[in-house]
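Structure record follows, encoded as structure tokens.
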Amino acid sequence: MHVVVNAAMSADGKLSSRRREQIAISGAADFERVDRLRADSDAVVVGVGTVLADDPHLTIKDENLRDERRTNGEPANPARVVVDSSARTPSAAEVLDDAAMTYVCVSDAAPVEQRAALAEHADLITAGDERVDLLRAFAALQEQGLEQVMVEGGGELIFSLFEAGLVDDLSVFVGPKVIGGRDAPTLADGDGFVENFPELELAEVERLDGGVLLTWRVAE
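Quick note: the sequence shown uses my numbering, first residue 2, plus one each step.
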């Protein structure tokens, strides 16, 4: 499995405001890049916090890209994956519609009633006691044939994936905007590292939409 984390952040490293409201950080060129990245993926992954804050659809916007996937014998849209330890994803969430296959990764601690409700709209992957065990969950996703995986956030999930050693590449658009706020989410939230910091190798730098796109490889 190859895992690519993709994100857009402000010049000061914030994903959104302290209110967790979605803010336009990049522009049309970066939106096209992200759409292509989705089209080249077997699955798009987000944490439940992103679902609750933004209610994303996680589908490909460009019909030509969807047609390209169909021509290649693939579904029009990649599978969608929500990492949701407590099964908090609302049944009416956009990510649970029939536009694409959806997997929800939950823990054993998730309430049975909520798991049952989600199972009507998605395939459940149960891994971990209190929180989703990402290594087990991603292994289960790989068994479903999902090899090229794109992660779109949020910061808690991204940190946890780095902590688990599951990230291969990191693509970050850094936009010309300052958001600020000690409580605003950053690229990698969670507990943070105090040792054994993941090391990155800068692979590419590109000017885009008034900002810059940084492509990193996780060092061996």
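A virtual CB, placed ideally from N, CA and C, is assigned to each residue, including glycine.
Please read all numbers here as calculations on a predicted model, not as lab measurements.
{"Asked": "Simplified DSSP assignment, three categories, for F194", "Found": "coil"}
{"Asked": "Cβ-based burial, E202 [other Cβ within 10 Å; buried from 16]", "Found": "exposed"}
{"Asked": "As assigned by DSSP and simplified to three states, the class of E95", "Found": "helix"}
{"Asked": "Stretch pair the region 170-185 + the region 14-26: three plus CB contacts closer than 8 Å", "Found": "yes"}
{"Asked": "Identity of the residue in A9, A44 and S161 nearest D190 by Cα", "Found": "S161"}
{"Asked": "Residues near R137 by beta carbon distance below 6 Å, same chain, minus five either side", "Found": "A128"}
{"Asked": "Helix, strand or coil at S87 according to DSSP, with G and I counted as helix", "Found": "coil"}
{"Asked": "Beta-carbon proximity of R81 to A101, cut-off 7 Å", "Found": "yes"}
{"Asked": "V45 versus V35 - alpha carbon distance", "Found": "11 Å"}
{"Asked": "Contacts around D205, its chain only, beta-carbon distance under 6 Å, and the 5 residues preceding and following it disregarded", "Found": "Here residue 205 turns out to be Glu, not Asp, going by the sequence shown. Excluding positions up to five away in sequence, the list reads T216."}
{"Asked": "Strand pairing of V219, partner residues [DSSP]", "Found": "L201"}
{"Asked": "Counted within 10 angstroms of its Cβ, other Cβ atoms place R39 as buried (16 or more) or exposed", "Found": "buried"}
{"Asked": "CB of D43 within 7 Å of CB of P91, strictly", "Found": "no"}
{"Asked": "6 Å Cβ shell around E95 - same chain, five flanking residues per side excluded", "Found": "D56 and H58"}
{"Asked": "Q115 in three-state terms, based on DSSP", "Found": "helix"}
{"Asked": "Cross-strand partners of M10 (DSSP beta bridge)", "Found": "V175"}
{"Asked": "Close-in-space but distant-in-sequence residues of the same chain around L214 (CB under 6 Å, 5 per side omitted)", "Found": "F174 and E207"}
{"Asked": "Proximity to S27 [Cα-Cα], best of L158, G212 and I126", "Found": "G212"}
{"Asked": "Among P186, V219 and T103, the one whose alpha carbon lies nearest that of Q145", "Found": "T103"}
{"Asked": "Start and end residues, beta strand (DSSP E) containing L125", "Found": "D124 to T127"}
{"Asked": "Integer Cβ distance of I159 from V152, believed to fall under 8 Å", "Found": "7 Å"}
{"Asked": "One or two residues paired with G166 in a DSSP bridge", "Found": "For G166, which the question treats as bridged, DSSP gives no partner whatsoever."}
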